[in-house]
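Each residue of the sequence shown is one higher than the one before, counting from 128 in my numbering.
The C-beta atom is built at its ideal place from N, Cα and C for all residues, glycine as well.
First the structure, in the form of C-alpha cells, and then the observations on it.
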Amino acid sequence: MIKAGIKKELMLFTRGFKLLGVIITIVAISLLYPFTYKSMELMANQISDMGQQMGGETQGQIENSASSINNMLGSISEMYGGSMAAVGFKTGVSSLTSTGSLVIMLLLMSAAGGEQKKRSVIIPTCAGLSPSGYVMPKFIVYPLAIGIMSFIGGMITGGISNLIYNNELIISNIVFSSVCGAIYMFFITAVYFLAGLSTGRPGISVIIVYAGSTVVPLILQALDIDKYNPFTMQTLLMSSYSEADMNNFILSTVVSVVLSVISCLLTLMITTLRKIDNSVGEANL
C-alpha cells in the first residue's frame, strides 16, 4: 500500500505544476543573488567610466555615486570574509531557506491537505486505503525531494558564484552550506505537511509554519538555545566548513531527522483519529 502511495505521489508531483514550480523557484533564487551583486559591481564601474568621460563637476557627482555603491558592496563583503563570491553564495542559500520555503509551501498546498478540502480524497476502509498508506508516502516523497533539490540549488549558487568571481569559494564550504540548507528544508517541509494534513487547511498552515520559522529562532536565541536544533542550520550554513561546530551540525542533523519522523507519526495518529467526511466537502475533526 505504501509503495503504491509513493508511486501515486510521485506521479502527482511530477505531472502537475508542482515539480516545475519548485524547480523554477530553486533555480531562480540560486541565480538571483550572485548575478545581482555582480551586476551592482559592473554598474558601479560603468558609472565611474561615464563620469570620467563627462569631466567637470558632473564627473565628481557621478564618481561619488559609484563610490557609494562600491563602499556598500565593500561593507557587505567584509561581513563574509571580504569575498563577494561568499556574499552571493551565502545570501542565496539563506534566501532559499526563507523565501524559497514560503514559495514551495504555497506550491505544495494541494498535496499538504488541500485535496481533503476539495473532496478529491477520502479514506474508505472498504477500499483498503489505510491512513498510513495516505500519510507516509507524502512524508517519504516531498521532504526528501525538496531536500535534494535544495542541495542542488545550493550547489548551483556556489558554482555560479565561483564562475563569476574567479573561483573564490572552496568546494568544501559550498557542499557544507548546501547540506545545511537541504536539511533545514527537509525539516520545514515535514513540519508543513504535519500542519497541513492534520488540519486539512494548508493555506493557514503556510502562514503558521512560515511565521513559526521566523519567530521560533528568535525565541530560542533569547533563551540561549542556539544549538542542537533544526533552526541552527540557518546559522551554520553561513559558516565555513573549517570554522563550523561539527558537534552542533551532527546533533542538529539528528534532531532535525528525529523531529521529521515524529511529525510523520503525529500526522498518522491525527489522521487515523479524524473522520474524513466526503459528503459535506470539508474534512471534519
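**Asked** Closest Cβ-Cβ distance between Gly286 and chain B: below 8 Å?
**Response** This model lacks chain B altogether; it includes just one protein chain.
Measuring only the C-alpha atoms, how far is Thr163 from Gly215? Approximately 8 Å between the Cα atoms of the pair.
Requested in this report: Find the nearest neighbour of Ile287 within the set Gly132, Gly219, Val318 and Gly260, judged by alpha-carbon distance.
Outcome: Considering only alpha carbons, the answer is Gly219.
If I measure Cβ to Cβ from Ile153 and keep anything under 6 Å in the same chain, skipping five residues before and after, which residues do I get? Excluding residues up to 5 positions away in sequence, Met276 and Gly280 lie with their Cβ nearer than 6 Å to the Cβ of Ile153 in the same chain.
I'd like to know if the stretch 221-231 and the stretch 289-303 are in contact, where contact means that at least 3 CB-CB pairs between them fall below 8 Å. No, the stretch 221-231 does not touch the stretch 289-303.
Handout entry: Proximity below 8 Å, CB of Gly240 to CB of Leu324
Key = Contact flag set, yes.
- Query: Just curious, the alpha helix (DSSP H) that Arg142 is in, first and last residue?
  - Reply: Arg142 -> alpha helix (DSSP H) spans Ile129 to Arg142.
Give me the Cα-Cα distance between Ala338 and Leu290, rounded to the nearest whole angstrom. CA-to-CA, the gap between Ala338 and Leu290 works out to about 35 Å.
Requested in this report: Out of Ser340, Phe358, Lys145 and Lys135, state which residue places its alpha-carbon closest to the alpha-carbon of Tyr319.
Outcome: Each of Ser340, Phe358, Lys145 and Lys135 was checked against the Cα of Tyr319, and the nearest Cα belongs to Ser340.
- Task: Label Thr284 either buried or exposed according to how many other C-beta atoms from any shown protein chain fall within 10 Å of its C-beta, with 16 as the threshold for buried.
- Result: Buried: at least 16 other Cβ atoms inside 10 Å.
Margin query: In this structure, how does DSSP classify Leu296 when only helix, strand and coil are distinguished?
Written below: Residue state, collapsed to three classes: coil.
_Within 10 Å of its beta-carbon, does Met199 have 16 or more other beta-carbons around it, so buried, or fewer, so exposed?_
Using a 10 angstroms sphere on the CB of Met199, the tally of other CB atoms stays under 16, which defines it as exposed.
Distance CB(Ser202)-CB(Ile174) smaller than 8 Å: Not in contact: Ser202 and Ile174 (Cβ atoms no closer than 8 Å).
How would you write the range of the alpha helix (DSSP H) that Pro264 sits in, first residue to last?
-> Its alpha helix (DSSP H) spans residues Pro258 to Ile291.
**Message:** Is the separation between the beta-carbon of Pro329 and that of Met236 shorter than 8 Å?
**Reply:** Here Pro329 is near Met236, since their CB atoms are less than 8 Å apart.
What's the gap between the Cα of Leu137 and the Cα of Leu350?
Taken atom to atom, the span from the alpha-carbon of Leu137 to that of Leu350 is near 41 Å.
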